[in-house]
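Trainee:
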Amino acid sequence: MIVAACCVPQTPLLLPGLTGGPVAEVEELRTAALAAAQTVVGQTLVGGGVNEIVVVGGAPRTGSYPADAPTPAGRLAPAPGRRPAPGSLPVPLAVGRSLLAGHPVLLTLQGVDEHASPRSCGELGHEIAARPGRIGLVVVGDGSARREEKAPGYVDPRALEADAAIGDALASADLPALAALNPGLCDDLLIRGRAAWQVLAAATESTSQTHGTSWTAHTLYGGAPFGVAYWSVTWLPHPTPQA
1 MIVAACCVPQ TPLLLPGLTG GPVAEVEELR TAALAAAQTV VGQTLVGGGV NEIVVVGGAP
61 RTGSYPADAP TPAGRLAPAP GRRPAPGSLP VPLAVGRSLL AGHPVLLTLQ GVDEHASPRS
121 CGELGHEIAA RPGRIGLVVV GDGSARREEK APGYVDPRAL EADAAIGDAL ASADLPALAA
181 LNPGLCDDLL IRGRAAWQVL AAATESTSQT HGTSWTAHTL YGGAPFGVAY WSVTWLPHPT
241 PQA
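FYI, the numbering for the sequence shown is 1 to 243, going by full-length UniProt numbering.
#1: When we look at the beta-carbon of residue 63 and count the other beta-carbons within 10 Å, is it buried (16 or more) or exposed?
#2: By the DSSP assignment, the beta strand (DSSP E) with residue 134 in it spans what residues?
#3: For a test of the three-state rule: what should DSSP assign to residue 144, helix, strand or coil?
#4: Could you name the residues of the same chain whose beta carbon sits closer than 7 Å to that of residue 213, not counting the 5 residues immediately before and after it, in chain order?
#5: By Cβ distance, which residues of its chain are closer than 8 Å to residue 100, with the 5 residues on each side in sequence left out?
#6: With DSSP collapsed to three states, give me the class of residue 222.
#7: What is the residue span of the alpha helix (DSSP H) that residue 170 lies within?
#8: Is there contact here, the stretch 112-121 with the stretch 190-200, by at least three beta-carbon pairs under 8 Å?
#9: Relative to the C-alpha of residue 30, which candidate in 12, 43, 45 has its C-alpha closest?
#10: What do you reckon, are the CB atoms on residue 129 and residue 2 nearer than 8 Å?
#11: Considering only the beta carbon of each residue, do residue 33 and residue 235 sit closer than 8 Å?
#12: Provide the residue(s) that pair with residue 7 in DSSP beta bridges, ordered along the chain.
#13: If you follow the beta strand (DSSP E) that residue 59 is in, where does it begin and where does it stop?
#14: Since residue 125 contacts residue 201 with CB under 8 Å, what's their CB separation in whole angstroms?
#15: Per DSSP, residue 188 forms a beta bridge with which residues?
#16: For residue 146, which residues in the same chain have their Cβ closer than 7 Å to its Cβ, ignoring the five residues on either side in sequence?
#17: Quick one: complete beta strand (DSSP E) runs, 3+ long, within the stretch 99-125?
#18: Just mark residue 51 as buried or exposed, buried being the case when its beta carbon has 16 or more other beta carbons within 10 Å.
In structure tokens:
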């Protein structure tokens, strides 16, 4: 069952050493993301039995990646003709792993095809929730990179509204809203977290149905300091009141 979950940004700026020195906006992002991940670790390690942290993030393919796979090189602007090192992690999984460094947990790095259908994402979420023991989710994804003219994808007038809806859904643990995200629109707006969030929605919904829980969300960060929408949010379960 899922005992805790968090959503954190996938920006490679969170990878250790990338900025070369402290950058205030990045340090604020990192502090919130680390706090979110720490909450999940703390909830997952309560009690005995199997305790596992699953990092879910967009990838070229759906499948698990080795926990000791190398961090990708050239992760911001690869040199022309440079290909990722064989076996290197997708950036979202590398970011999630970095936030969990030093914690004594069983770690699974679960990639989900960025273009996977909502149905496929849902099936993966249900599979994760059905694993034995206490499962914590660290879900890695960004909002639109088309919020303004200086954004990585330039500007699209639909981006702000889409990001606002996603932010509201994450901040209120609105599972149906996340499950209903439109893949085509998200692709157009360079929203990189859609597939991972739909895995989250299905996994937590499965736990809710099986164990009679609801979810309480707490937002640690929400902003777009570099023209891309980022959130750090925790979700914790609580018993659903009986009618």
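Yeah, the Cβ is synthetic: ideal placement off N, Cα and C, and Gly gets one too.
Keep in mind that this is a model prediction, so the values were computed, not measured.
Mentor: Once the coordinates are examined:
#1: exposed
#2: 134-140
#3: coil
#4: 207, 237, 238, 239, 240
#5: 37, 41, 53, 55, 107, 138
#6: strand
#7: 159-172
#8: yes
#9: 12
#10: yes
#11: no
#12: 139, 233
#13: 51-59
#14: 7 Å
#15: The partner list for residue 188 (beta bridge, DSSP) is empty, contrary to what the question assumes.
#16: 153, 154, 155, 156, 159, 189, 190
#17: 106-113
#18: Residue 51 counts as buried, since at least 16 other C-beta atoms from the protein chains shown sit within 10 angstroms of its C-beta.
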